[in-house]
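Below: one structure, written as structure tokens.
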Ligand code: SF4
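In our numbering, the protein residues as written are 651 to 1407.
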């Protein structure tokens, strides 16, 4: 029995956990009080993490698909040699546009992503399709317009706010804020702090909030624009703040003055006096913030919703101060900026641009499944399962079957892996050095490097090793004997020695190798590092970048040194802190240094958004499709026991094994449905058989299904409903191409007695 500090990998908070390991199993799991961010907090999910580490779908050997669809074991050399040859042939014949990377990481599985990107660059491609572009790129696009770069990422200072506005966000279940349930309970208990929730469902968070605006699905843009119009009408905007920190407010105000407040509020299905009260209290609060989530990002007007939500804290001056909305530093460069240059190549079939260097999975089936000579022909899927987790399972399956080469790198035999030509087994998150990379806290920001607890299962390898070997087989990355020798001499403290000098000299002579920087450092310095910590060589690189970029904030966190010595101090602190480390402490006024526009102002006049705001007026009240499909399904509800598809063994769920469809009791009665009945849910795209559960938390005319079900564990039939059988990849936001999962028109009918057996 051994005890280890690591992290929960089931949501973006990556709470620190302490685990006992015995005979290959995670036997006892509790919150790690030494973790400087989560400080011992956990929810109910991580105690079940052994279902991730040990399950029947774990991969142990590289597999090649036979013509009959079954798989055979092959050696790493056989697999990588053939894959390398096929990739080079595709690149030579069709160019870089024929290749796409899909995924790259996941919750707390980040270090391998950089190595997948190296393969993408080797293929002369820029197409990286990710889950972020399924959710957040509309918001990133808005950030780019407002703040100058799509990587300017805003977080809400919920713990210090007097008034918190949760829009389409249910942190009780989805977390995403600091120690979510404790933070929510603190607000609930406080006599001075308040919280309002905008959500069609009476969620767990809505139940403990001071106000719940139970908006009709798909009408958030109407409600949010009415709230902004109330701010203008009642002279509640912070004019001094706007004068000092923004540009272009007059144009926005002109449009907001034309908003028919009562009409929009009625359309949203909420009472005008409630909306006025929430808006006025939000504006009057000394410290207020806005937190959004998929409830509006996955609904109609997704990108416009993000813009309007951001205008609420900007117009009230709640930015750059405690309890407001602020930027944060980021250790891992997960979000970048897609300007007009090299990294904003539009896709060939749908003409979709990248946002923040991410392409939306929603368009990938169309980019593959066409007859264009420049279509996508080869895809590497890494730590992602688009067949279940992206919209339109049918479109993905059809498209993936047409690929000349599909390779899946994963820990488990996923639904996507079953279609692959090669399946390459990756070490699990507890079998390698990994990092919890969504560090998004402000003003203190931490980072957690996790050491392995177990050796890799069977013949599995880390993603870093898989891609490095592949690139070496492809002849893209040569060996560097001199660098390897220097790295061995320098292994204890690379920054103080010769390695950086030798690395810079190598790249000065062969600058084209810069695209493989992470691979070169991994295969030289990394392989020389003690404890098999090769992947941490990437962390070494990032430590130096972080120290240069946020020098003062890093020093405030207690780190000392100048230039390379400060970067080395960051790296050593990370290496030595098994429970995670605080790397920076910002000041609230630092927020303005994150704004990328030269004038350091927020450019609130975004012409596309003002046009979209005006276009709301001519939008029909009742979409035509609701005549045929009268219910709105909100797909992807987060519940106590769902977690994307990370946990495949259904035994991990303590409740809700069937992933029941929630329906209002009156709607259920009208359809003759009782709890536990089976029903068919049909959309324009497909149909699912579901188990019904009545819930008064759902409004009439609305249905809700969780995500993360439909897994074919150990080759079984799908367990529970795969909601993406119902979603359609062309039902998407016009700017970000993100799916409208929270607005899926469907019909519901009771299964006949024979069918339900
Ligand atoms: S809040 Fe998220 S990271 Fe923390 S324990 Fe729960 S699922 Fe895990």
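The beta-carbon is built from N, C-alpha and C at its ideal position, and this holds for glycine as well. Fair warning: this is a prediction, and the values are worked out from it, not measured in the lab.
**Prompt:** Going by alpha carbons, who is nearest to residue 1226 out of 1023, 685, 661 and 1047?
**Reply:** As a working note, residue 1226 is residue 576 in the chain shown. Per the Cα distances, 685.
**Request:** Please report how far the alpha carbon of residue 1126 lies from the alpha carbon of residue 1310, in whole angstroms.
**Result:** Within the chain shown, numbered from 1, the residue matching residue 1126 stands at position 476. Within the chain shown, numbered from 1, the residue matching residue 1310 stands at position 660. Going from the Cα of residue 1126 to the Cα of residue 1310 covers about 50 Å.
**Message:** Please identify the residue among 1259, 1345, 1339 and 1064 whose C-alpha is closest to the C-alpha of residue 1298.
**Reply:** Counting from 1 along the chain shown, the entry for residue 1298 is found at position 648. The candidate whose alpha carbon is nearest that of residue 1298 is 1064.
**Message:** Between which two residues does the alpha helix (DSSP H) holding residue 1409 run?
**Reply:** Residue 1409 lies beyond the stretch modelled for the chain, which goes from 651 to 1407, so this question has no answer here.
**Message:** Under 7 Å: does the beta carbon of residue 856 sit that close to some heavy atom of the ligand SF4?
**Reply:** As a first step, residue 856 is located in the chain shown; it is residue number 206 there, counting from the start. The answer is no for residue 856.
**Prompt:** Out of curiosity, what's the CA-to-CA distance linking residue 789 and residue 768?
**Reply:** Numbered from its first residue, the chain shown carries residue 789 at position 139. Numbered from its first residue, the chain shown carries residue 768 at position 118. Their backbone Cα atoms lie some 27 Å apart in a straight line.
**Prompt:** What is the residue span of the alpha helix (DSSP H) that residue 1224 lies within?
**Reply:** Locating residue 1224 in the chain shown gives position 574, where the first residue counts as 1. Residue 1224 -> alpha helix (DSSP H) spans 1213-1226.
**Prompt:** What residues match up with residue 817 in a beta bridge as DSSP calls it?
**Reply:** Here residue 817 corresponds to residue number 167 of the chain shown, with the count starting at 1. Answer is 848 and 942, bridged to residue 817.
**Proximal residues to residue 1187 (C-beta, below 7 Å), its chain only, five neighbours per side dropped** = Position 537 of the chain shown, counted from the start, is the residue given in the question as residue 1187. Same-chain partners within the cutoff: 1171, 1172, 1175, 1176 and 1179.
**Request:** Use the C-beta contact count for residue 1383: other C-beta atoms within 10 angstroms, 16 or more gives buried, fewer gives exposed.
**Result:** Here residue 1383 corresponds to residue number 733 of the chain shown, with the count starting at 1. So residue 1383 ends up on the buried side.
**Prompt:** Out of 1099, 1348 and 837, which has the shortest C-alpha to C-alpha gap to residue 761?
**Reply:** Translated into positions along the chain shown, residue 761 becomes position 111. Residue 761 has its Cα closest to that of 1099, out of 1099, 1348 and 837.
**Asked** Under the three-state reduction of DSSP, which class applies to residue 1250: helix, strand or coil?
**Response** As a first step, residue 1250 is located in the chain shown; it is residue number 600 there, counting from the start. In this structure, residue 1250 counts as coil in the three-state DSSP scheme.
**Prompt:** In the structure shown, what three-state DSSP assignment does residue 660 receive?
**Reply:** As a position in the chain shown, residue 660 is number 10, starting the count at 1. Coil at residue 660, not helix or strand.
**For residue 1341, the first and last residue of its enclosing alpha helix (DSSP H)** = As a working mapping, residue 1341 is identified with position 691 in the chain shown. From DSSP, residue 1341 is part of no alpha helix (DSSP H) but of the beta strand (DSSP E) over 1337-1344.
**Asked** With DSSP run on the structure shown, which of helix, strand or coil describes residue 1405?
**Response** For the purposes of this step, residue 1405 is identified with residue 755 of the chain shown, where counting begins at 1. Because the pLDDT at residue 1405 is just 47, under 50, the model does not fix this residue reliably, and the point stays unresolved.
**Message:** Quick test of the definition: if touching needs 3 or more C-beta pairs under 8 Å, does the region 857-872 touch the region 913-925?
**Reply:** yes
**Message:** I'd like the span of the alpha helix (DSSP H) that includes residue 955, first residue to last.
**Reply:** As a position in the chain shown, residue 955 is number 305, starting the count at 1. Taken as a continuous stretch (DSSP letters only), the alpha helix (DSSP H) holding residue 955 covers 952-965.
**Asked** Cα separation between residue 951 and residue 958?
**Response** To locate residue 951, count along the chain shown from 1; it is residue 301. To locate residue 958, count along the chain shown from 1; it is residue 308. Cα-Cα distance, rounded: 10 Å.
**Asked** Which residues in the same chain as residue 987 place their Cβ atom closer than 7 Å to its Cβ, once the five residues preceding and following it in sequence are excluded?
**Response** On the chain shown, residue 987 is found 337 positions in, with the first residue counted as 1. Excluding residues within five positions, the ones whose Cβ falls inside 7 Å are 794, 799, 800, 801 and 1006.
**Message:** On a Cα-Cα basis, can you pick out the residue from 780, 1300 and 968 that is closest to residue 1366?
**Reply:** The residue labelled residue 1366 in the question sits at position 716 within the chain shown. The shortest C-alpha to C-alpha distance from residue 1366 to any of 780, 1300 and 968 is the one to 1300.
**Request:** Return helix, strand or coil for residue 679, following the three-state DSSP convention.
**Result:** Counted from its first residue, the chain shown places residue 679 at position 29. Three-state DSSP puts residue 679 in a strand.
**Spatial neighbours of residue 1061 in its chain, beta-carbon cut-off 6 Å, leaving aside the 5 residues before and after** = Counting from 1 along the chain shown, the entry for residue 1061 is found at position 411. The answer, listed in chain order, is 1076 and 1078.
**Message:** Just list the residues that DSSP pairs residue 895 with in beta bridges.
**Reply:** Counted from its first residue, the chain shown places residue 895 at position 245. None; residue 895 has no bridge partner.
**Message:** Measuring only the C-alpha atoms, how far is residue 1052 from residue 1037?
**Reply:** As a position in the chain shown, residue 1052 is number 402, starting the count at 1. As a position in the chain shown, residue 1037 is number 387, starting the count at 1. Cα to Cα, the separation comes out at about 14 Å.
**Asked** Can we count residue 695 as close to the ligand SF4, meaning its CB is less than 7 Å from some heavy atom?
**Response** As a working mapping, residue 695 is identified with position 45 in the chain shown. Indeed, a heavy atom of the ligand SF4 lies less than 7 Å from the Cβ.
**Message:** If you reduce the DSSP assignment to three classes, tell me which class residue 1275 lands in.
**Reply:** As a working note, residue 1275 is residue 625 in the chain shown. Helix.
**Asked** What residue ranges within the region 1060-1124 form continuous beta strand (DSSP E) runs of no fewer than 3 residues, ordered along the chain?
**Response** 1072-1075, 1084-1086 and 1094-1100
**Prompt:** On the three-pair Cβ rule with 8 Å, is the region 993-1003 touching the region 1264-1284?
**Reply:** no
**Prompt:** Using the C-alpha atoms, what's the distance from residue 1161 back to residue 1033?
**Reply:** Translated into the one-based positions of the chain shown, residue 1033 becomes position 383. Translated into the one-based positions of the chain shown, residue 1161 becomes position 511. Distance between the alpha carbons of residue 1033 and residue 1161: 31 Å.
**Message:** At the level of alpha carbons, what is the spacing between residue 964 and residue 863?
**Reply:** On the chain shown, residue 964 is found 314 positions in, with the first residue counted as 1. On the chain shown, residue 863 is found 213 positions in, with the first residue counted as 1. Near 21 Å, if we compare the C-alpha coordinates of residue 863 and residue 964.
**Message:** Using C-beta distances below 8 Å, list every residue in its chain close to residue 1375, excluding the 5 sequence neighbours before and after it, in chain order.
**Reply:** As a working note, residue 1375 is residue 725 in the chain shown. Result list for residue 1375: 1043, 1044, 1335, 1336, 1337, 1338 and 1360, in chain order.
**Message:** For residue 672, list the residues DSSP reports as bridge partners.
**Reply:** Here residue 672 corresponds to residue number 22 of the chain shown, with the count starting at 1. Looking at the DSSP assignment, residue 672 forms a beta bridge with 675.
**Asked** Where residue 836 and residue 974 are concerned, what is the direct C-alpha to C-alpha distance, given to the nearest angstrom?
**Response** As a first step, residue 836 must be located in the chain shown, where it is residue number 186. As a first step, residue 974 must be located in the chain shown, where it is residue number 324. Rounded to the nearest angstrom, the two C-alpha atoms are 17 Å apart.
**Prompt:** If we count Cβ pairs, one from each stretch, closer than 8 Å, do we get three or more for the region 1195-1208 versus the region 1230-1245?
**Reply:** yes
**Request:** Keeping to the same chain, check which residues put their C-beta closer than 6 Å to that of residue 1405; ignore five residues upstream and five downstream.
**Result:** As a first step, residue 1405 must be located in the chain shown, where it is residue number 755. At residue 1405, the pLDDT of 47 sits below 50, so the modelled position is not reliable; the number obtained from the coordinates is stated separately. Once the five neighbours on either side are set aside, residue 1405 has no close Cβ partner at all.
**Request:** Locate the beta strand (DSSP E) running through residue 1332, then write down its first and last residues.
**Result:** Your numbering for residue 1332 matches position 682 in the chain shown. Unbroken beta strand (DSSP E) run through residue 1332: 1328-1333.
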